[in-house]
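The structure appears below as structure tokens.
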Amino acid sequence: MNMKRKNEKMNPKIGIKKLLILTMAMVVCFASCEKKEVDDPTATTPNEEVSTEDQDTTFITKYFLGDQVKVRLEEDGTYSLAGSDTRLFEEQLSDSPDSFDENPVPDAGQTNLGLGGGVRKWTNGVVYYVISGLSASVRSELQKSFDEWTSKTNVTFKERTNQSNYVTISSSGSNSNSGVATLGMNGSRGFIRLGTRATAVVIIHEIGHTLGYIHEQNRSDRDNFIRINFENIQNGAQDQFFKSNSATLLTGQFDINSTMMYGSFTFSKNGRPTITDLNGNLLPQRQARISTLDVEGTNSLYSSSDGNPDTGGETDPCDGVDEWSRFRRYAVGERVTYRGSLYERDFTRWNFITRCN
Numbered sequence: 001m002n003m004k005r006k007n008e009k010m011n012p013k014i015g016i017k018k019l020l021i022l023t024m025a026m027v028v029c030f031a032s033c034e035k036k037e038v039d040d041p042t043a044t045t046p047n048e049e050v051s052t053e054d055q056d057t058t059f060i061t062k063y064f065l066g067d068q069v070k071v072r073l074e075e076d077g078t079y080s081l082a083g084s085d086t087r088l089f090e091e092q093l094s095d096s097p098d099s100f101d102e103n104p105v106p107d108a109g110q111t112n113l114g115l116g117g118g119v120r121k122w123t124n125g126v127v128y129y130v131i132s133g134l135s136a137s138v139r140s141e142l143q144k145s146f147d148e149w150t151s152k153t154n155v156t157f158k159e160r161t162n163q164s165n166y167v168t169i170s171s172s173g174s175n176s177n178s179g180v181a182t183l184g185m186n187g188s189r190g191f192i193r194l195g196t197r198a199t200a201v202v203i204i205h206e207i208g209h210t211l212g213y214i215h216e217q218n219r220s221d222r223d224n225f226i227r228i229n230f231e232n233i234q235n236g237a238q239d240q241f242f243k244s245n246s247a248t249l250l251t252g253q254f255d256i257n258s259t260m261m262y263g264s265f266t267f268s269k270n271g272r273p274t275i276t277d278l279n280g281n282l283l284p285q286r287q288a289r290i291s292t293l294d295v296e297g298t299n300s301l302y303s304s305s306d307g308n309p310d311t312g313g314e315t316d317p318c319d320g321v322d323e324w325s326r327f328r329r330y331a332v333g334e335r336v337t338y339r340g341s342l343y344e345r346d347f348t349r350w351n352f353i354t355r356c357n
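Each residue of the sequence shown is one higher than the one before, counting from 1 in the UniProt record's numbering.
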């Protein structure tokens, strides 16, 4: 023992080498145990996976648009849809599937109602907003996101003055590239909350929720186009991949490039993909843009003719518009006549447009 200590004292390089090895081991251990920040819900690489490990996973069963879903009550009183970044208000949920009508009868009395539950699109395609507490960098990314939607669709964004329907865009305080958003137009209660490192990739996606769109992988026809690898999904996150039979489809066909599409590694528990195409290939990397089908779908739902038609009294606005039929399922943006009035289909109701001449 004494001879060993003597040799180490005579050769300091041995002691330094041991110290370096110990230090490297500690760094590796710390790196492997450190939990990664949660962020981008459209992540497509293992390094951007979203985690639910520290979240309260107390879910309750409700019905959304007639489909059974799991929701979690958040501190602000909204409900996260299956724990995702989509936030719903209590009146948008029900305790029974019977309360949802896929083809309600148009009723002029609806014009005097308030929110009335369900999901509603923005009147005339204008999203009014208030900004609160965003950093200069996030504001810059927000403007890029606005520009992406307005340059390609009929949707516009305007700062609120005295409008009763508007969305508040604020910081969530989370040091991450993240966001949550309420679904559709919700009076003065709608919001988008962004992490302090939020980029346009995430913000464009959250604006999609504000416009009324759910995630693309929740489409009822998704299994014809993608494979959900449930064995790779984190515990408590499986319900994020539910299928909706009643939700309005943003795109005419399934679109892996949609801004509303999750990435291949979103909610992965093991670094393996949670979503692939049918051949097992990874999905394309998310970009800060909306896809061609996103544009087509949005311009169909938010048409350039939104609002009351100005005919100057010379033309009947109901000319060429078919009478409502109980045997059809209508797409958002379609118009019908009913008992002498013109109506336009919203996500979950009919909006009165004008009386026929």
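Quick reminder that beta carbons are idealized off the backbone N, C-alpha and C, glycines included.
Boundaries cannot be given for GLN163, as no beta strand (DSSP E) includes it and DSSP labels it neither H nor E. Your pair THR348 and CYS318 does not check out as a contact, with CB atoms roughly 23 Å apart and the cut at 8 Å. Of ARG197, PRO97, ILE214, ASP221, the smallest CA-CA separation from GLN240 is found for ILE214. Short of 8 Å from the beta carbon of ILE226, and not among the five residues preceding or following it, lie these beta carbons of its own chain, in chain order: GLN217, PHE254, ILE256, ILE275, THR276, ASP277, LEU278, LEU283.
Setting aside the 5 residues that flank it on each side, GLU296 is surrounded in the same chain by THR251, GLY252, each with a C-beta closer than 8 Å to its C-beta; the list follows chain order. Leaving aside the five residues that flank PHE146 on each side, the residues in its chain whose CB is nearer than 6 Å to its CB run, in chain order, PHE157.
In this structure, GLY195 sits away from SER220, with a CB-CB distance that is not shorter than 8 Å. Distance from TYR129 to ARG160 at the Cβ level is roughly 6 Å; contact confirmed, criterion being Cβ atoms closer than 8 Å. Looking only at ASN270, ASN245, ARG286, LYS269, the smallest Cα-Cα distance to TYR262 is reached by ARG286.
Residue environment: ASN245 is assigned as exposed (fewer than 16 neighbouring CB atoms within 10 Å of its CB, all protein chains considered). For TRP350, the three-state secondary structure derived from DSSP is strand. Here GLY179 is bridged, per DSSP, to LEU194. Shortest Cα-Cα distance from MET260 to any of THR292, GLY271, ASN281, GLY208 involves GLY208. In the three-state reduction of the DSSP assignment, GLN253 falls in the coil class, being assigned neither a helical nor a strand state. Of the other Cβ atoms in all chains shown, 16 or more fall within 10 Å of the Cβ of ASN154; this residue is therefore buried. Counted as a single uninterrupted DSSP element, the beta strand (DSSP E) harbouring THR337 occupies residues 335-338. LYS243 and THR315 have their C-alpha atoms some 44 Å from each other. According to DSSP, PHE64 shares a beta bridge with ASP67.
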